[in-house]
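What follows is a single structure, written as structure tokens, with notes after it.
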Amino acid sequence: MSPLTIIEANPYPLSLNTKSTTLLLIDMQRDFLEPGGFGETLGNDVSLLRRTIEPCQNILKAARNVGLSVIHTREGHRPDLTDAPPSKLTRGKLETGIGDDGPMGRILIRGEIGHDIIPELTPNLNEPIIDKPGKGAFYETDLHLILQNRGIKTLIVCGITTEVCVHTTVREANDRGYECLILEDCVGSYFPEFQRVGIEMIKAQGGIFGWVSDSSSVISAISTC
Ligand code: C5J
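When the sequence shown is numbered by this note's numbering, its final residue is 861 and no position is left out of the sequence of numbers.
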């Protein structure tokens, strides 16, 4: 069977080769998504993010079935916080912020329960996890190196949050020459307006940052490869 397929997408259909495509799942971490986590303690409605879990599970299952490369990311820091810029630690003047004790361990610290990926999307052993100190998955990580070594040209992007880590990563990917396909039902924001505008921005101007599609369109296209 051919690895080439065409995905129904906006602003126009995207041709991709499953051999040079990776599924990138961004920051599907307990502290952002779970009731009682950091995101909820900041006053956010986590159900706005949790609606992405089932479609992400579906696309992850389909990707594994057809042997598509899968990569996960997590946002977080070393326990001594030496990789966290002071500006990131102090901004927001939060009562409980990065590095402080939170409901699921120290907030956004590697190794803590809240920092881990939600159990619904547990990575397989052969799926790299990129631990990133910033919002973008390319900044101070080996993601670009891994993608280059695998001959990856196209990223199918899922995860949270749409306007922060998803957008930053997609912009970084564009500047490095990757094509990005963002799955609208698999990315989420605590702010409905940011979700809507974040998606619009990607596909505006002929797809200035890439294409927008959804999990079922990609699943039906790759399942025939
Ligand atoms: C945020 C993220 N919003 N993963 N992180 O701080 O988007």
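C-beta: ideal position from N, C-alpha, C; glycine also.
- Apart from the 5 residues on each side of it in sequence, residue 762 has no Cβ closer than 8 Å to any other Cβ in its chain.
- For residue 753, there is no enclosing alpha helix (DSSP H), as DSSP marks it with neither H nor E.
- Nearest to residue 808 by alpha-carbon distance, out of 793, 819, 822, 820, is 793.
- Distances from the alpha-carbon of residue 666 to those of 676, 814, 659 put 676 closest.
- Annotation for residue 754 indicates a beta carbon at 7 Å or more from all heavy atoms of the ligand C5J.
- If the five residues before and after residue 853 are omitted, its C-beta is found closer than 8 Å to the C-beta atoms of 643, 644, 645, all from its own chain and listed in chain order.
- Within the same chain, Cβ atoms closer than 7 Å to the Cβ of residue 831 are found at 798, 824, 825, the five residues on either side in sequence being excluded.
- The beta carbon of residue 776 lies closer than 6 Å to those of 769 in the same chain, with the five residues before and after it left out.
- Between the alpha carbons of residue 818 and residue 691 lies a gap of roughly 13 Å.
- At least 8 Å separates the beta-carbon of residue 743 from that of residue 710.
- At least one heavy atom of the ligand C5J falls within 7 Å of the beta-carbon of residue 801.
- Runs of the alpha helix (DSSP H) lying entirely within the stretch 685-711 and spanning at least 4 residues, in chain order: 689-702.
- Per DSSP, the unbroken beta strand (DSSP E) holding residue 658 starts and ends at 657-662.
- Here residue 811 carries a helix assignment [DSSP, helix/strand/coil].
- Straight across, the Cα-Cα distance linking residue 859 with residue 851 is about 12 Å.
- About 5 Å separates the Cβ atoms of residue 652 and residue 790, confirming a contact at the 8 Å cut-off.
- The three-state reading of DSSP puts residue 768 in strand, counting E and B together.
- Among the bridge pairs identified by DSSP, residue 653 is matched with 640.
- A Cβ-Cβ contact shorter than 8 Å links residue 694 with residue 855.
- The continuous alpha helix (DSSP H) containing residue 677 extends over residues 674-677.
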